[in-house]
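Residues in the sequence shown are numbered from 1 upward in steps of one, following our numbering.
Every residue gets a Cβ at the ideal spot worked out from N, C-alpha and C, and that includes glycine.
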Amino acid sequence: MTNLLVKLFVKNYKDIFNPNVRKSYGTLSGSVGIFCNLILFFCKLMAGIFSGAISVIADAFNNLSDAASSIITIIGFKLADKPADNDHPYGHGRYEYLSGLLIALLIILTAFELFKTSIDKILNPEDVVFSLFPFIILIFSIVIKMWMALFNRKLGNKLNASAMIATAADSLSDCIATSAVLISLIIGVVFDINIDGFAGILVALFVFKAGIDAANDTLKPLLGQAPNPAFVKALENDILESGKIKGVHDMHIHDYGPGRVIVSLHAEIPASMNVMEAHDIIDSTEEKIKKKHKCDISIHMDPIETENKTINNLRETVSKIIKNINPALDFHDFRITNGPERTNLIFDLEVPFGFEMKDNDIIRQINQEIKKINTKYYVVVKVDKVVVNEV
């Protein structure tokens, strides 16, 4: 069903990085959400009023808030499609993330309202009228919500769209919440116990957790999360593929919304290489990365000495010392300056965030090991904090 709807309503559906295509996906997801949730809202509202079950009415208004969330999804994708301008040179792609955050806040607000209503129902209980109608509606709702969860999860994972993933999580929590309401009605019929208000509280808690989880997922890219390790590894592999670039470091990845990623990095080029040849290699590499990974990229050339035996041997020695301290450590931009009294070994030390050793302690230990080789050697280190990427 999902593939059929995509093929019917999304033109060029395979071009998922195209803003117009993403807008079409967002419109499809939102339209399906509005249609399904409004039907469920009216059905549950009638069933709840007819039976007097506050948990069913609470579940109905939960669906109404979901319909509002779907409207936000559509608006978010339309705003994200706006082209770049003077005030927003990197485009408006983060509107997708903002719409996901708004949906999460709306879910949390709905949870509070459901909780208040359920508490009132516990303090002022009313008899629930038994009828087959609410049972049929709730079972129908569970089936529809399960399909909506799978539908939005599939689209969200395909597009890496936080708003759709948040909607999928909300639909799944709705399945659990509606199941709890159904069970409470069955218990009420079988054992003649009114736990309607308590079931409403359970619904509110499920909805609240879904809202918190959705908020966390959408806040991460807005605050600036670590890049996807698989994406980083793929970039490194493609850049080093020709063998002419010897290493990559100082990689920065900025996410301005899906399909709007900007990458900057330093590429190590043999110092003996002709400048024009090196420039041509960098240009062709940038073009290849742009085309393959659908991102903007800027590569800075770092010349490294590859033919000087002394430098190569010292580089290897420093590498062994650093890896003996901890395999998670690394270094780059290694060079040497000779003076009358000492030889400076200059490099950038890559230290993961949250590393257990202090920077000064690491540098002190490296210096101690280097001086065992030659007392004239002295390390000059600049510390770079890096993300450890585990694929």
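Residue environment, residue i, which counts as buried when at least 16 other CB atoms sit within 10 Å
{"i": "residue 88", "result": "exposed"}
{"i": "residue 191", "result": "exposed"}
{"i": "residue 77", "result": "buried"}
{"i": "residue 92", "result": "buried"}
{"i": "residue 151", "result": "buried"}
{"i": "residue 258", "result": "buried"}
{"i": "residue 397", "result": "The chain is shown from 1 up to 391; residue 397 falls before or after that span and cannot be answered."}
{"i": "residue 99", "result": "buried"}
{"i": "residue 337", "result": "exposed"}
{"i": "residue 314", "result": "buried"}
{"i": "residue 390", "result": "Here the model assigns residue 390 a pLDDT of 47, short of 50, so the residue's position is not dependable, and the following value carries that caveat. Classification of residue 390: exposed, given that the 10 Å Cβ count is below 16."}
{"i": "residue 275", "result": "exposed"}
{"i": "residue 49", "result": "exposed"}
{"i": "residue 232", "result": "buried"}
{"i": "residue 260", "result": "buried"}
{"i": "residue 96", "result": "buried"}
{"i": "residue 189", "result": "exposed"}
{"i": "residue 73", "result": "buried"}
{"i": "residue 94", "result": "buried"}
{"i": "residue 375", "result": "exposed"}
{"i": "residue 263", "result": "buried"}
{"i": "residue 14", "result": "exposed"}
{"i": "residue 339", "result": "exposed"}
Coarse secondary structure for residue i, derived from DSSP in three states
{"i": "residue 265", "result": "strand"}
{"i": "residue 350", "result": "strand"}
{"i": "residue 329", "result": "coil"}
{"i": "residue 88", "result": "coil"}
{"i": "residue 276", "result": "helix"}
{"i": "residue 343", "result": "strand"}
{"i": "residue 228", "result": "coil"}
{"i": "residue 18", "result": "coil"}
{"i": "residue 390", "result": "Here residue 390 scores only 47 on pLDDT, less than 50, and its place in the model is too uncertain to base an answer on."}
{"i": "residue 24", "result": "helix"}
{"i": "residue 239", "result": "helix"}
{"i": "residue 193", "result": "coil"}
{"i": "residue 334", "result": "strand"}
Option nearest residue i by Cα separation, candidates the options
{"i": "residue 226", "options": "253, 379, 27 and 81", "result": "253"}
{"i": "residue 317", "options": "373, 34, 138 and 67", "result": "373"}
{"i": "residue 284", "options": "298, 271 and 273", "result": "298"}
{"i": "residue 356", "options": "329, 244 and 311", "result": "329"}
{"i": "residue 146", "options": "171, 59 and 154", "result": "171"}
{"i": "residue 256", "options": "124, 6, 19 and 66", "result": "19"}
{"i": "residue 120", "options": "159, 74, 58 and 286", "result": "58"}
{"i": "residue 309", "options": "325, 335, 116 and 224", "result": "335"}
{"i": "residue 370", "options": "351, 320 and 340", "result": "320"}
{"i": "residue 325", "options": "343, 367 and 239", "result": "367"}
{"i": "residue 362", "options": "322, 135, 307 and 193", "result": "322"}
{"i": "residue 222", "options": "244, 240, 101 and 294", "result": "101"}
{"i": "residue 174", "options": "237, 63, 186 and 228", "result": "63"}
{"i": "residue 468", "options": "55, 327 and 144", "result": "Missing from the structure shown is residue 468; the chain here goes from 1 to 391 and no further."}
{"i": "residue 106", "options": "311, 360, 142 and 212", "result": "212"}
{"i": "residue 153", "options": "51, 214 and 132", "result": "214"}
{"i": "residue 131", "options": "51, 159 and 143", "result": "51"}
{"i": "residue 113", "options": "84, 202, 180 and 164", "result": "202"}
Residue interval of the alpha helix (DSSP H) (run including residue i)
{"i": "residue 383", "result": "From DSSP, residue 383 is part of no alpha helix (DSSP H) but of the beta strand (DSSP E) over 377-386."}
{"i": "residue 53", "result": "Residue 53 -> no alpha helix (DSSP H), and no H or E assigned at all."}
{"i": "residue 199", "result": "196-223"}
{"i": "residue 134", "result": "132-159"}
{"i": "residue 100", "result": "95-123"}
{"i": "residue 7", "result": "2-9"}
{"i": "residue 260", "result": "No alpha helix (DSSP H) holds residue 260; DSSP gives it neither H nor E."}
{"i": "residue 360", "result": "359-373"}
Bounding residues of the beta strand (DSSP E) (the contiguous stretch that carries residue i)
{"i": "residue 304", "result": "296-304"}
{"i": "residue 247", "result": "247-255"}
Any chain D beta carbon closer than 9 Å to residue i
{"i": "residue 90", "result": "This model lacks chain D altogether; it includes just one protein chain."}
Distance CB(residue i)-CB(residue j) smaller than 9 Å
{"i": "residue 387", "j": "residue 349", "result": "no"}
{"i": "residue 176", "j": "residue 184", "result": "no"}
{"i": "residue 71", "j": "residue 208", "result": "no"}
{"i": "residue 42", "j": "residue 60", "result": "yes"}
{"i": "residue 66", "j": "residue 22", "result": "no"}
{"i": "residue 182", "j": "residue 240", "result": "no"}
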